[in-house]
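Number of protein chains: 2
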Amino acid sequence: MIDLENFLRDNGLKATRNRMEILTILMKSDAALSHTDITERLGDTYIDKVTLYRTLNVFTEKNIIHKVASEDRNWKYALHLDDNSNPETVKEHAHFVCNSCDRIFCFPMEPNIKLDASRSEGFLVNAKELRLHGLCPTCQR
Amino acid sequence: MIDLENFLRDNGLKATRNRMEILTILMKSDAALSHTDITERLGDTYIDKVTLYRTLNVFTEKNIIHKVASEDRNWKYALHLDDNSNPETVKEHAHFVCNSCDRIFCFPMEPNIKLDASRSEGFLVNAKELRLHGLCPTCQR
DNA sequence: CCCATAATTGCAACTGAGTTGCATAATACT
DNA sequence: AGTATTATGCAACTCAGTTGCAATTATGGG
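Read top to bottom, the protein sequences are chains A and B. For the first sequence, the working numbering assigns the number 4 to the initial residue and increments by one for each residue that follows. For the second sequence, the working numbering assigns the number 4 to the initial residue and increments by one for each residue that follows.
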């Protein structure tokens, strides 16, 4: 169990109860979570919807989490699986997107994805995302 | 120049002026287009916004185009670059997403992306999308 | 421990992409 | 040409996410 208070302060954020609650929920999930998902998991802990949106945006700006555009038009938020401390390196993500329940799961990136073709056409790549679409284990039954 | 009328009828759709206009615009673009993009390109040709949304959804259902969830929360629509006649095969896309202008460009997929790790965890993959994030040629200047 | 300052929170109202219902118009088929 | 069916346009709606602002809370210095 890491020290959430100091983790937040190390990222230049005040260590508030709201933020620790939200971070704890994100840490416990193996899938990326929508605003609604997080609200449900908060249960009796009331956090205003605007505060939740703002917190998620602050976490994203501080590179604590990343947000993924989902097929159901909702943002999904997830912790970084990889070390993202160096902004110079090309970020690599892999996501599995379920066609049925629209959940998004994060995986470690497969190494050695080749992308010379697109770079040569004048596109500057600073993040690579492998996005797999299909049925998650739950939705296959 | 292919015969748009017969193309639409072959896909079980009535060949209306609206649909041919929209299809022509999609064929001429090298980037995926949003609803707004298409409206702009229609110029004086007035098409109701609901009709445009419905047309894009029908094209997507008929597998004539595909829609991509963009980072600006707008759907982007683009023709299929590859042959998608066989629904059994695993579809492969590659998209470049510009961080600055949010445009999405479609590329032919790099071959031989390995994804054994995710399949072994119980996920059923039926489409693979390589999504590259960065700056497009225009936004690098 | 308390105070001042700046950051955070909550509420209300708003924005804008995309959808639904329904009446009218256009297409395709005999 | 006549008719069933599909497509279109308009109005009203939905809902995720944002903005403005006043009230509250965290933090660092005395």
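Think of the CB as a built atom: it goes at the ideal place given N, C-alpha and C, for glycine as much as any other residue.
With DSSP run on the structure shown, which of helix, strand or coil describes residue i?
i	result
A/His38	helix
A/Asn60	helix
B/Cys109	strand
A/Val100	strand
B/Val53	helix
B/Glu124	coil
A/Glu8	helix
A/Glu74	coil
Spatial neighbours of residue i within its chain, please: C-beta separation below 7 Å, excluding the five flanking residues on both sides.
i	result
B/Ala34	Arg106, Ile107 and Phe108
B/Asp170	As shown, chain B starts at 4 and ends at 144. That puts residue 170 of chain B outside it, with no answer to give.
B/Leu26	Leu7
Can you tell me where the beta strand (DSSP E) holding residue i begins and where it ends?
i	result
B/Asn129	Leu127 to Leu138
B/Leu84	Careful: B/Leu84 lies outside any beta strand (DSSP E) and carries neither H nor E.
The alpha helix (DSSP H) with residue i in it runs from where to where?
i	result
A/Glu24	Arg20 to Lys31
Beta-carbon within less than 8 Å of residue i's beta-carbon, same chain only, minus the 5 sequence neighbours each way: which residues are those?
i	result
A/Cys139	Phe99, Cys101, Ser103, Cys104, Arg106 and Phe108
A/Ile68	Leu29, Leu59, Phe62, Tyr80, Ala81, Leu82 and His83
A/Glu24	Leu45, Thr48 and Ile50
B/Met112	Asp85, Glu95, His96, Ala97, Lys131 and Leu133
B/Thr42	Ile50, Lys52 and Leu55
B/Lys17	Leu11
Any heavy atom of the ligand FAD closer than 8 Å to the beta-carbon of residue i?
i	result
B/Leu7	Summarising the ligand content, the structure contains no ligands, and the ligand FAD is consequently not present.
Of all Cβ atoms in chain B, is any one closer than 9 Å to the Cβ of residue i?
i	result
A/Lys17	no
A/Arg76	yes
A/Gly46	no
A/Leu169	Given a span of 4 to 144 for chain A in the structure shown, any question on residue 169 of chain A remains unanswerable.
A/Asn102	yes
Return the chain-ordered list of same chain residues with a C-beta closer than 6 Å to the C-beta of residue i, the five sequence neighbours on each side being excluded.
i	result
B/Lys94	Ala130
B/Asn77	Ser37
B/Lys31	none
B/Lys70	Thr63, Trp78 and Tyr80
A/Asp75	Asp105
Nearest chain A C-beta to residue i closer than 9 Å, yes or no?
i	result
B/Lys94	yes
B/Asn9	no
Point to revise | Residues of the stretch 121-135 of chain A with Cβ closer than 9 Å to any Cβ of chain B, in chain order | key: The residues in question are Ser121, Arg122, Glu124, Gly125, Phe126, Leu127, Val128, Asn129, Ala130, Lys131, Glu132, Leu133, Arg134 and Leu135.
Review point. If contact means a Cβ-Cβ distance below 8 Å, which residues of the stretch 58-74 of chain B contact chain A?
Key: Within the stretch 58-74 of chain B, the residues whose Cβ lies closer than 8 Å to some Cβ of chain A are Ala72, Ser73 and Glu74, listed in chain order.
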